[in-house]
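Since the structure comes first, as structure tokens, the remarks are kept for the end.
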Amino acid sequence: MSQYMRNTASSRQRSGGGSTTPRSAASEISRTSNDPKKAKLRDTDFRKRVLLTRRISFPSATESSDAFAHFETELPSEGYAALEQMQHTNVWIPTDDQLIDNVIREFTYMQNEQLCEAEFASYTAENLLRRDSLYPSYEETREWRVERMIELLVKPSTSANSRLRPPPAIVSADSLEYDFNFKPDIQYWLSVRSFNPDYVRLFSRYIYIHNDRITAPYFTTEYKKDDKSMERAKDQIATAAAMALYNRCLLKIERLKETRKRWTAKHTSSLRHYGLTLQGASYTFWCVRLKSIPEPVSPHEWSWPGCDVVEATTGNMLSKANVQHFIHWVNEIHRWGLSVHGPSCEKDVKFCIEGREKNVRTSLYESRFDPDSDDEISVHAK
0 MSQYMRNTAS SRQRSGGGST TPRSAASEIS RTSNDPKKAK LRDTDFRKRV LLTRRISFPS
60 ATESSDAFAH FETELPSEGY AALEQMQHTN VWIPTDDQLI DNVIREFTYM QNEQLCEAEF
120 ASYTAENLLR RDSLYPSYEE TREWRVERMI ELLVKPSTSA NSRLRPPPAI VSADSLEYDF
180 NFKPDIQYWL SVRSFNPDYV RLFSRYIYIH NDRITAPYFT TEYKKDDKSM ERAKDQIATA
240 AAMALYNRCL LKIERLKETR KRWTAKHTSS LRHYGLTLQG ASYTFWCVRL KSIPEPVSPH
300 EWSWPGCDVV EATTGNMLSK ANVQHFIHWV NEIHRWGLSV HGPSCEKDVK FCIEGREKNV
360 RTSLYESRFD PDSDDEISVH AK
């Protein structure tokens with residue numbers, strides 16, 4: 000893997016003990032030795048003792064393999080940049096024949112020559128998993144934008160005021176503690192520069208904002224070199240998605256408390272996370288969704304139901320149809336992130352601000368959505 004996507008295992012530190020430990024440190028060592036064991040992603044029982052105990056599972060069922068059927072959309076006749084509020088982002092992959100031919104040629108060469116994982120990862124990041132232009136300050140237009148983060152480390156906390164919390168264990172018998180702080184190869188977040196700077200300072204009271212720049216990740220990618228490490232990639236996708244989903248649920252709960260509504264199926268429709276695993280020229284897309292819960296349920300009684308990591312589609316970069324398939328999925332995930340996920344998060348935060356912040360008025364009663372309806376954004380995945 001390239002320098003910016005290097006395997007984080009290379010930086011693991013080893014520590015040793017000795018008989019010359021000062022007496023003053025003895026109590027600290029004793030306390031540490033009695034602390035509960037914490038899991039690591041490389042553990043062979045990670046899935047059993049971390050994921051499954053939090054009801055994060057991999058069912059055998061699959062989603063619709065066609066991106067447009069999955070999202071209930073159509074290929075924009077004039078391109079994604081022509082869609083409403085989509086023209087200010089640069090993450091769209093064109094579907095012209097020249098780009099597709101270049102992708103096939105590059106991946107065929109890399110596969111035939113058995114190039115290293117870093118070559119595949121570098122080419123994919125530069126040409127397919129694109130980044131948006133970066134803006135150091137707020138713009139007047141406040142259009143939806145995303146930020147592609149490479150190996151970003153965020154550290155959740157269980158403190159009472161934390162807006163980034165790890166999903167809790169449901170089955171405690173075999174559960175191990177896990178910090179949920181690893182670095183995804185690539186993860187797409189929403190830019191907070193889409194929001195009104197006059198009250199974006201209040202957003203952090205209700206949703207996690209990283210470095211005053213990004214919030215609410217919706218798409219995670221992991222690269223791996225072989226079938227054996229691909230299982231770890233699936234665990235990493237599940238881990239990142241579960242933490243994103245759990246905290247998205249907590250925001251939804253705050254909104255429901257404020258509006259005195261009960262949790263129903265319509266509140267779940269927009270709560271998703273998408274994943275992509277890549278191994279050489281092969282790819283798999285994942286849709287991570289909440290498990291069903293009894294409904295309606297009071298937000299005060301809601302508890303984490305867990306989530307399912309469902310295979311959406313697979314393919315490779317060696318044929319025109321497969322490359323087009325890949326491009327459609329990436330573009331539609333970004334479309335969902337900008338047209339459904341982002342507005343839904345914004346709506347929930349604004350309900351909280353309107354209800355709890357004195358003398359603060361948001362644009363809740365303007366054009367982005369209907370505040371009088373408790374329905375979610377109308378366009379969403381099946």
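Each residue of the sequence shown is one higher than the one before, starting from 0 at the first, in numbering that gives the first Met the number 0.
Where is the CB? At the ideal position from N, CA and C, for every residue including glycine.
Bear in mind that the values here come from a model prediction, so they are computed numbers and not experimental data.
What distance in whole Å lies between the Cβ atoms of residue j and residue i, which are believed to be in contact at a cut-off of 8 angstroms?
i           : j           : result
residue 280 : residue 317 : 6 angstroms
residue 162 : residue 245 : With a Cβ gap of about 12 angstroms, residue 162 and residue 245 do not count as contacting.
residue 290 : residue 54  : 6 angstroms
residue 296 : residue 261 : 6 angstroms
residue 143 : residue 193 : 5 angstroms
residue 129 : residue 89  : 6 angstroms
residue 62  : residue 286 : 5 angstroms
residue 257 : residue 350 : 5 angstroms
residue 185 : residue 322 : Their Cβ separation, rounded to whole angstroms, is 19 angstroms, which puts residue 185 and residue 322 out of contact at 8 angstroms.
residue 155 : residue 179 : 5 angstroms
residue 212 : residue 146 : 7 angstroms
residue 303 : residue 169 : 7 angstroms
Taking the alpha helix (DSSP H) that residue i belongs to, which residues open and close that run?
i           : result
residue 352 : 341-355
residue 104 : 96-111
residue 123 : 116-126
residue 62  : Taken as a continuous stretch (DSSP letters only), residue 62 belongs to no alpha helix (DSSP H), as it is neither H nor E.
residue 84  : First-last for residue 84: undefined, no H or E at that position.
residue 68  : 66-70
Could you please give the first and the last residue of the uninterrupted beta strand (DSSP E) stretch that includes residue i?
i           : result
residue 307 : 306-315
residue 220 : 213-223
residue 282 : 281-289
residue 238 : Taken as a continuous stretch (DSSP letters only), residue 238 belongs to no beta strand (DSSP E), being part of the alpha helix (DSSP H) at 226-258.
In the DSSP assignment, what residue or residues form a beta bridge with residue i?
i           : result
residue 145 : 189
residue 209 : 213
residue 273 : 218 and 286
residue 262 : 296
residue 37  : 176
residue 323 : The partner list for residue 323 (beta bridge, DSSP) is empty, contrary to what the question assumes.
residue 56  : 307
Can you tell which of the options has its C-alpha closest to the C-alpha of residue i?
i           : options               : result
residue 393 : 328, 225 and 287      : Past the edges of the chain, shown from 0 to 381, lies residue 393, and the structure says nothing about it.
residue 189 : 109, 226 and 148      : 148
residue 175 : 277, 46, 229 and 274  : 46
residue 70  : 356, 321, 330 and 347 : 330
residue 215 : 342, 48 and 196       : 342
residue 217 : 205, 288, 231 and 224 : 288
residue 282 : 326, 268, 96 and 141  : 326
residue 83  : 348, 352 and 335      : 335
residue 266 : 272, 276 and 255      : 255
residue 319 : 56, 236 and 104       : 104
residue 166 : 356, 52 and 324       : 52
residue 39  : 301, 231 and 125      : 231
residue 123 : 277, 97 and 340       : 277
residue 133 : 225, 191, 152 and 333 : 191
Measure from the C-beta of residue i to each C-beta in chain D and report whether the shortest distance is under 8 angstroms.
i           : result
residue 118 : Given the protein chain composition of this structure (a single chain), no chain D is represented.
Between the region 302-318 and the region 238-255, do three or more beta carbon pairs fall short of 8 angstroms? Yes, the region 302-318 touches the region 238-255.
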